[in-house]
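Have a look at the structure below before the remarks.
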Amino acid sequence: MPQLLLSLFARGSAFFVPSAAIDRPAPVQRCRQPVASFGNSVRPDPRDDDIQTSHTTIDPDHVDHEREFILNVLSTTATKRDARAYLARYQPQSRKKQARRIAKRYEQVERSSAADIEKHNGWRLKQTGVNLGSLYTPSKAMLESPVFTHQELPEEMIPEEEVVQPLHVALVKIRAVELWDAATLYGVSLTLGQLVRLGLSIAVVVDCDEEAVPDAPEKLTKEWRDKANDQADRIVESLRRTTPQGAVRINDALTISEFEQEVPSKVDVRGGVDVEYPNLLLPLLQGGKIPVIPPIAFTKGDFKVNRVRPDDVMLALTREFSGIRNVANRKDIPLSRDDSPLAEIPSIMPATFVKRGMPVTMIPNPNLEPWRPPQPGESTFDLSDPRIDFPRLLNLIEDSFGRKLDVEHYLNRIKNKLAGVIIAGEYEGGAILTWEYPPDDIGPNGERIPRPPVPYLDKFAVLKRSQGSGGVADVVFKAMVRTCFPDGVVWRSRRDNPVNKWYFERSTGTLKLDAWDGSKWTMFWTTEDVERDEGLWKDYQKR
């Protein structure tokens, strides 16, 4: 089954910018000097429609892409978190396992048939006249010599033709490419080409929609279709210059069903678009070519061409390459469990997909149930909600923090305070947000005046294998501040937490609480001008 490795997005202007503007230079004299040669260097043939910009510095047809790529890799500095995550994957195997394997090998030799050894020695004596005895028998010292292996040695060698290598796929959505100049498009293509050389298979989705996209896709027009195909061809031509196998535009792999959700639901489910012909994509990905896919799909019945959302195309490709089947198009949903037929539907249904590189689940769905404080006497949902896989959520928290969670104490602490839960991907990252109640105000007559609750980030966790790369933390954080709590949220972190630098870069403000209460905590918030609201500012500090 192919593995979905990551998703990249370009929105608005360029997200990769080359170090210099690119164009065909005027003829210059070149010194003949020895230059290191690399086997996979890409030097496309010159064409008449070479890139033209207002600058004249570099000719893309005369750039040694692989040499530039190696220099960029050598100049990259990894963070300590990345280094720890990398080294954690290559822990040496325990000495006990190695000792057991050596003992097993030695025991196999000891158990060799004495009769067979004697028979072989007799035959050798008859043929050569020399009795070598056990000279060629494997010695104990040889058997106990250390062998460096990363994983356990298999008992039997697997034939090479039976080994199936996973296909690592990256989904890239390029938005508003018609606004990009040639230099920007070339820089993006160069980066994608370097990823292909690292063994990554890439599929590109073209997004030519306007910034404000209506709920329903607009009708397909000849002008829009020509625009989408022209921009796709422009990307293909740019990728041809920078990737080993080039790229090709694919218009016929997607279909769209006319299935409509007849039962009202509080869960936002999207996904009428489906990859009907994966054989048009997989051979290209396996061969190193990049399929460039415009947001165009055909109806299954009459093969009518339809304009679809680029995000729905990304969702269809995500399902295809990660093995998630399209539940909406199933015709054989079993109803044998008449007490709860929905139990047979996979857990992909209760998810609000917000494309920021991977599927994001926000519970409850803020589009239908805005996250608001509970009214007096109103109870909130808890982590036993069927939409939440609590064992996986618990594993995410314990893996991220590196210690066990006192589940009973934690559930009691957030009881009737839970505001919502955000889950990224297959529980690769997540956040638990609560409503925290500051102390009541005291009125002029001594009466207590309750203060409104404060939205608080209680838990923010990312699996160790996903930390420092892939943008999982950013996916969760953006969903929190843009969709769930656009007016602001507050949280605190220990002063020695290495993640504080990351928090500092994304928060609106910070405050070291030791100056106020002597604790070793730092407070962060995303609320604008919170200092001007004296009451809210005091509520934040009291939290």
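Residue numbers (the UniProt record's numbering): 1 to 543.
Quick reminder that beta carbons are idealized off the backbone N, C-alpha and C, glycines included.
Same chain, Cβ closer than 6 Å to residue i, neighbours up to 5 away in sequence not counted
i: K417; result: T434, W435
i: F390; result: L383
i: R495; result: K520, T522
i: T527; result: G488
i: L200; result: H168, A170
Proximity of residue i and residue j at Cβ, strictly below 7 Å
i: A424; j: V476; result: yes
i: W525; j: V490; result: yes
i: I432; j: K459; result: yes
i: K288; j: P244; result: Per the sequence presented here, residue 288 reads as Gly, with Lys not at that position. Yes, the Cβ-Cβ distance between G288 and P244 is below 7 Å.
i: G272; j: T242; result: no
i: T255; j: K300; result: yes
i: R403; j: Y427; result: no
i: P294; j: A228; result: yes
i: V530; j: F321; result: no
i: Y437; j: P453; result: yes
i: L405; j: I397; result: yes
i: D207; j: R234; result: no
Assigned exposure category for residue i - 16 Cβ within 10 Å defines buried
i: Y277; result: exposed
i: E178; result: exposed
i: L198; result: exposed
i: V305; result: exposed
i: N445; result: exposed
i: R372; result: exposed
i: D226; result: exposed
i: V407; result: exposed
i: P310; result: buried
i: S189; result: buried
i: G377; result: exposed
i: T221; result: exposed
i: D252; result: exposed
i: D312; result: buried
i: G122; result: exposed
i: G357; result: Caution is warranted here: a pLDDT of 48 is assigned to G357, below 50, making its placement in the model unreliable, and no coordinate value can be reported.
Rounded Cβ spacing between residue i and residue j (contact assumed at less than 8 Å)
i: S507; j: A461; result: Between A461 and S507 the Cβ distance is about 18 Å, and since that is not below 8 Å, they are no contact.
i: S257; j: L185; result: Rounded, the Cβ-Cβ distance is 34 Å, inconsistent with contact.
i: Q286; j: L167; result: 6 Å
Residue i beta carbon near the ligand GTP (any heavy atom closer than 6 Å)
i: V475; result: Inclusion of the ligand GTP in the displayed structure is not the case, the ligand content being empty and no account of it being possible.
Cβ neighbours of residue i in the same chain (closer than 7 Å, five flanking residues each side left out)
i: V236; result: A247, V248, R249, V292
i: P370; result: none
i: Y503; result: S493, F524
i: F303; result: none
i: residue 547; result: Summary: the structure shown does not reach residue 547, with the chain confined to residues 1 through 543, and so no result is reported for it.
i: Q231; result: V177, E178, V206, C208
i: I388; result: I363, V421
Residues near residue i in its chain [Cβ-Cβ closer than 8 Å; skip 5 each side]
i: M480; result: I422, A431, L433, L457, V489
i: K266; result: Only weak support exists for where K266 lies, its pLDDT of 43 falling under 50; the value from the coordinates is given anyway. Contacts found: P364, N365, L368, E369.
i: I449; result: D440, D441, I442, G443
i: V196; result: I202, T243, P244, Q245, G288, I290
i: L280; result: I250, D252, A253, P291
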